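K.L.:
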Amino acid sequence: MLEECGSTIACTKLQTPKTLYQFSDFPWPSSVTENFPAQHKVFDYVQSYAQHFDLIKHIRFNTKVVGIEYEGLSDKETQSCSLWNGNSQPFSFKGKWKVVVDSTENNSTEVHKVDFVILCMGQYCDVPNIP
Numbered sequence: 098m099l100e101e102c103g104s105t106i107a108c109t110k111l112q113t114p115k116t117l118y119q120f121s122d123f124p125w126p127s128s129v130t131e132n133f134p135a136q137h138k139v140f141d142y143v144q145s146y147a148q149h150f151d152l153i154k155h156i157r158f159n160t161k162v163v164g165i166e167y168e169g170l171s172d173k174e175t176q177s178c179s180l181w182n183g184n185s186q187p188f189s190f191k192g193k194w195k196v197v198v199d200s201t202e203n204n205s206t207e208v209h210k211v212d213f214v215i216l217c218m219g220q221y222c223d224v225p226n227i228p
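Residue numbers (the working numbering): 98 to 228.
Right under this line is the structure:
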């Protein structure tokens, strides 16, 4: 019988070799010898990375991003051909991103103004259903 943890089966393994699933500044520990580590080893690796670089304090758990909007150039400026001349920079460096975040713990909403946004989502990007 397979043990389940949320919607992820505990025996799930990486589908790509660990060398392709590695931070450039943080190698896998030598204790992980298999090329396709199990889910719990991947979790431990990512958690070790976050702890090593003191990132936990910057991570917001129990939250959901409900809106992202770029505030900078006007629609007319954004559509200008001069912005799309092959430099891959349709956004002005003077603009900001407005990120709206809901807390799932206390039902509050926060608005953040940030310089850039990295979208990290995959097939299972919804809030997990964990009983």
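Even for Gly, the Cβ is constructed at its ideal location relative to N, Cα and C. Owing to the predicted nature of the structure, the values given are computational and were not obtained by experimental measurement.
What is the DSSP secondary structure of residue 141, reduced to helix, strand or coil?
P.N.:
The residue you call residue 141 lines up with position 44 of the sequence shown. Of the three classes helix, strand and coil, the one that applies to residue 141 here is helix, per DSSP.
K.L.:
Over what stretch of residues does the beta strand (DSSP E) that includes residue 199 continue unbroken?
P.N.:
Start at 1 with the first residue of the sequence shown, and residue 199 comes out as number 102. Run containing residue 199: 193 to 200, per the beta strand (DSSP E) assignment.
K.L.:
With burial defined as no fewer than 16 other Cβ atoms inside 10 Å of the residue's Cβ, what is the status of residue 134: buried or exposed?
P.N.:
On the sequence shown, position 37 is the one that residue 134 refers to. Buried is the call here.
K.L.:
Which residue wins for smallest C-alpha separation from residue 120, given the options 131, 150, 110, 130?
P.N.:
The residue labelled residue 120 in the question sits at position 23 within the sequence shown. With distances taken between Cα atoms, residue 120 lies closest to 150.
K.L.:
Could you check what DSSP says for residue 116 in three-state terms: helix, strand or coil?
P.N.:
On the sequence shown, residue 116 is found 19 positions in, with the first residue counted as 1. Residue 116 falls in the helix class under three-state DSSP.
K.L.:
Helix, strand or coil, according to DSSP, for residue 153 in the structure here?
P.N.:
Here residue 153 refers to the residue found at position 56 when the sequence shown is read from its first residue. Correct three-state label for residue 153: helix.
K.L.:
Should residue 154 go down as buried or exposed, given a rule of 16 or more other Cβ atoms within 10 Å for buried?
P.N.:
As a first step, residue 154 must be located in the sequence shown, where it is residue number 57. Per the 10 Å Cβ criterion, exposed.
K.L.:
Taking just the CA atoms, how far does residue 156 sit from residue 202?
P.N.:
Residue mapping note: residue 202 aligns to position 105 of the sequence shown, counting from 1. Residue mapping note: residue 156 aligns to position 59 of the sequence shown, counting from 1. Cα to Cα, residue 202 sits roughly 15 Å from residue 156.
K.L.:
Looking at residue 125 and residue 275, is the spacing between their C-beta atoms short of 8 Å?
P.N.:
Since the first and last residues shown for the chain are 98 and 228, residue 275 lies out of range.
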